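Enquirer:
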Amino acid sequence: SFTGGGTLLSLGLTVILYTMFVWWRDVVREATYLGHHTKMVQLGLRYGMILFIVSEVMFFVAFFWAFFHSSLAPTVEIGAVWPPKGIEAIGPWDIPFLNTLILLSSGAAVTWAHHAILAGSQRQAIYGLLATVFLAIIFTALQGMEYVEAPFTISDGIYGSTFFLATGFHGFHVIIGTIFLVICCIRQYMGHFTSK
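Residue numbers for the sequence shown follow this note's numbering, so the first one is 128 and each next one is one higher.
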């Protein structure tokens, strides 16, 4: 029996939050006050972000691969049917559809904020970022509600494990993105971003 999971989780989250805080502090200091973000540094940051996004795409391709492999050719062990016998699937037109609309709306809101920054409109950029953060919080709450009300668990075979792993990691990415957007909103309020 494993004990100490709560302590380990708390320690891990504390270290991650501390690392994020120190990293953001250094980036803000270097970019805004010290002027160290030259064209070459900005190019390196862009390439780094592109590589990060490509790695995340491949990360999620693995989950989609597992889902499609299991659903398009279900094995005899699960009854050769999909979803497996005894699993009641979540309807796609309820919370999943609403969350999809929220994600698309948040994408539009953050694009609004980006264009406002490029146009030099600080107030519009703040409104766009706040709208995006608000939508992300609603998405996270609805996903949590979906988890609580799900008629299956992560231990219910391939269906439950692929569902909870894929949506759980996506929700984790949304939470991290929300934290990043809150920091960006604070920086926009402080005037750290310009149209350049």
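Note that beta-carbon positions come from the ideal geometry of N, C-alpha and C, so glycine has one too. Note that this is a predicted model, so its numbers are computed, not measured.
Could you tell me the alpha carbon to alpha carbon distance between tyrosine 160 and threonine 259, rounded to whole angstroms?
Expert: Near 27 Å, if we compare the C-alpha coordinates of threonine 259 and tyrosine 160.
Enquirer: Under DSSP, the alpha helix (DSSP H) around leucine 183 begins and ends at which residues?
Expert: Inspection of the sequence shows that residue 183 is occupied by glutamate rather than by leucine. Glutamate 183 -> alpha helix (DSSP H) spans 166-199.
Enquirer: Since phenylalanine 266 and isoleucine 229 should fall inside the 8 Å C-beta cutoff, what is the C-beta to C-beta distance between them, to a whole number of angstroms?
Expert: Indeed, because the Cβ distance is near 5 Å, the residues count as touching under 8 Å.
Enquirer: Could you give the DSSP three-state label for phenylalanine 266: helix, strand or coil?
Expert: Helix at phenylalanine 266.
Enquirer: Take the Cβ of threonine 202 as the centre, count every other Cβ of all protein chains shown within 10 Å, and call the residue buried at 16 or more, exposed below.
Expert: Exposed, because fewer than 16 other Cβ atoms sit within 10 Å of the Cβ of threonine 202.
Enquirer: Reducing DSSP to helix, strand and coil, say where methionine 147 ends up.
Expert: If DSSP states are grouped into helix, strand and coil, methionine 147 belongs with the helices.
Enquirer: Report the option in Leu178, Leu257 and Ser282 whose CA atom is closest to the CA atom of isoleucine 214.
Expert: Checking every option, the nearest Cα to that of isoleucine 214 belongs to Ser282.
Enquirer: According to the neighbour-count rule (16 or more other Cβ atoms, all chains shown, within 10 Å of its Cβ), is glycine 271 buried or exposed?
Expert: Under this definition glycine 271 is an exposed residue.
Enquirer: Give me the residue from Leu136, Ala252 and Pro223 with the minimum Cα distance to cysteine 311.
Expert: When each option's Cα is compared against that of cysteine 311, the closest is Ala252.
Enquirer: What is the rounded straight-line gap between the Cα of glutamate 183 and the Cα of serine 128?
Expert: Computed Cα separation, rounded: 33 Å.
Enquirer: May I ask which residues mark the beginning and end of the alpha helix (DSSP H) holding histidine 297?
Expert: Note, histidine 297: alpha helix (DSSP H), 284-316.
Enquirer: In whole angstroms, what is the alpha-carbon distance linking histidine 319 and alanine 293?
Expert: The straight-line gap from Cα to Cα measures roughly 35 Å.
Enquirer: By Cβ distance below 7 Å, which residues in the same chain neighbour serine 232 in space, the five residues on each side in sequence not counted?
Expert: The residues are Leu262.
Enquirer: DSSP state of threonine 238, grouped into three classes?
Expert: The answer is helix: DSSP assigns threonine 238 an H, G or I state.
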